[in-house]
Amino acid sequence: MTDILLVIFGVSLLFASITNMLHSIVRILVVQGLILFLLTIMKTTHLNAWEFAFVALETIVFKTILIPWFILDTIKKNGIKREVEPSVSNFFSLGSMTVIFAFAFFISLWSGQSNPNLYPLHFGIAFAAILKGLFIIIANKKLITHLMGYLFMENGIFMLSLALGSQMPHIVSLGVSLDILLSILIAVLFINKIQSNFEALNIDELSTLKD
Amino acid sequence: MLYIYIWLYPVLAGILSWILKDSRINKGIVLGHGILHFVAALALGLPQSVLALHFGIDALSGWFMLISAILYLAIGCYSMKTKDGINGRQSSIYTICMMAFVASMDGANLSRDFGLIWVFVETTTLATAMLISFEHHKQSLEAAWKYLFICSVGIAIAFVGVLLLVIAQV
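Chains A and B, in that order, are what the protein sequence lines are.
In the working numbering, each number is its position in the first sequence, counted from 1, plus 20.
In the working numbering, each number is its position in the second sequence, counted from 1, plus 972.
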């Protein structure tokens, strides 16, 4: 069952490469949040009520509900156009994602040779998600898509932390999630302020500061 | 108990600052925090037992605490002569963010766990982004956005490094 969820997660990354709508990417983030919740429940061997509450708070409340709601609200309030408007074509994006997957699985299989605790599928997809997040940030000009790329990266990092099983204390995971939520809140605040000071929410507008 | 006071003062003083929104009181709060922080850094430098499981001081963190304490004391003195044009609300935001930044740095210095160090360094990023955009003009907003993003991505990759260290340890 975890393999199926991991594959769905990987397919969602491929779908993010070809979609042109911001709302689709937000839906992908919602689905990824749900997958992370299910994966956490399945991978943790023993879970008491407090730990279950932490996990539910991090994944369901933050990643699935709050953060996508903030992003959709920001898109609506600032009148951001619904298209992604990438700098590269969908074909190039999909091809790059394929190369990212190949590289990530190569790294995970190579690392897995010396470490039997490493599960290649899990590690590979998590690493690919991190690289996909970076690719979204690089390949798009809209600030809101930069934020979404950052969230993809954070989902990949969360998935990577699941590979550790119960090694990471839950209080640290909660601290991580709270920090991510705060950074999203502050980024949304900045987007609102940038909207009122600049003509468009585009990285080309933010070019006054130079070396 | 000293560890609690390092974070208790910024929280309580921050709430007071937000309620009162007075520039003169805020300057006093920042200077008071600078002096308290300096005294705490000197006190923590003295040999003592570890009080908490997750926080403690060693030789290296003691040095960093002292350096940051001296700098923050200077900032506290400088903050007494900030611009007259800012209103009470902006002054409170400056006070709260400055104390949050220093408290987070202290947390990063005193943490014994890599994950906790990461959490506190992320918090410094957030507090500093608010300080950079303090003046709310175009260049400061642009600088704050770029700072926030570059640091957030860097911090995220640092977390991957922490995770890989934990995997290597297992």
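We treat Cβ as the ideally placed atom computed from N, Cα and C, and that holds for glycine.
{"Asked": "Element boundaries [alpha helix (DSSP H), containing GLU1094 (chain B)]", "Found": "1086-1104"}
{"Asked": "Contacting positions in the segment 1098-1130 of chain B - beta carbon closer than 9 Å to chain A", "Found": "LEU1098, ALA1101, MET1102, SER1105, HIS1108, HIS1109, LYS1110, GLN1111, LEU1113, GLU1114, ALA1115, ALA1116, TRP1117, LYS1118, LEU1120, PHE1121, SER1124, VAL1125, ILE1127, ALA1128, ILE1129"}
{"Asked": "First through last residue of the alpha helix (DSSP H) which encompasses THR165 (chain A)", "Found": "163-182"}
{"Asked": "Integer-rounded CB distance, given that GLY169 (chain A) should sit under 8 Å from GLY144 (chain A)", "Found": "With a Cβ gap of about 19 Å, GLY144 (chain A) and GLY169 (chain A) do not count as contacting."}
{"Asked": "N-terminal and C-terminal residue of the alpha helix (DSSP H) that PHE1027 (chain B) is part of", "Found": "Careful: PHE1027 (chain B) lies outside any alpha helix (DSSP H) and carries neither H nor E."}
{"Asked": "Chain B contact for TYR139 (chain A) (CB, 8 Å cutoff)", "Found": "no"}
{"Asked": "Test: HIS166 (chain A) CB closer than 8 Å to a CB of chain B", "Found": "yes"}
{"Asked": "Cut-off 7 Å between Cβ atoms - residues of its own chain near LEU151 (chain A), not counting five sequence neighbours on either side", "Found": "ILE120, ALA124"}
{"Asked": "Three-state class that DSSP yields for MET41 (chain A) in the structure shown", "Found": "strand"}
{"Asked": "N- and C-terminal bounds of the alpha helix (DSSP H) containing GLU1114 (chain B)", "Found": "1110-1141"}
{"Asked": "ASN212 (chain A) - DSSP class collapsed to helix/strand/coil", "Found": "helix"}
{"Asked": "Which of helix, strand or coil DSSP assigns to GLU103 (chain A)", "Found": "strand"}
{"Asked": "Burial state of GLN133 (chain A) (16 or more Cβ within 10 Å)", "Found": "exposed"}
{"Asked": "Any C-beta of chain A under 8 Å from that of VAL1091 (chain B)", "Found": "yes"}
{"Asked": "Contacts that THR79 (chain A) makes with chain E (C-beta to C-beta distance below 8 Å)", "Found": "Protein chains A and B are contained in the structure displayed, whereas chain E is not."}
{"Asked": "C-alpha gap between TRP89 (chain A) and MET1070 (chain B), whole angstroms", "Found": "30 Å"}
{"Asked": "Endpoints, alpha helix (DSSP H) assigned at LEU1066 (chain B)", "Found": "In the sequence under discussion, the amino acid at residue 1066 (chain B) is Tyr, which differs from the Leu named in the question. It spans 1060-1082 - the alpha helix (DSSP H) in which TYR1066 (chain B) sits, taken as one unbroken run."}
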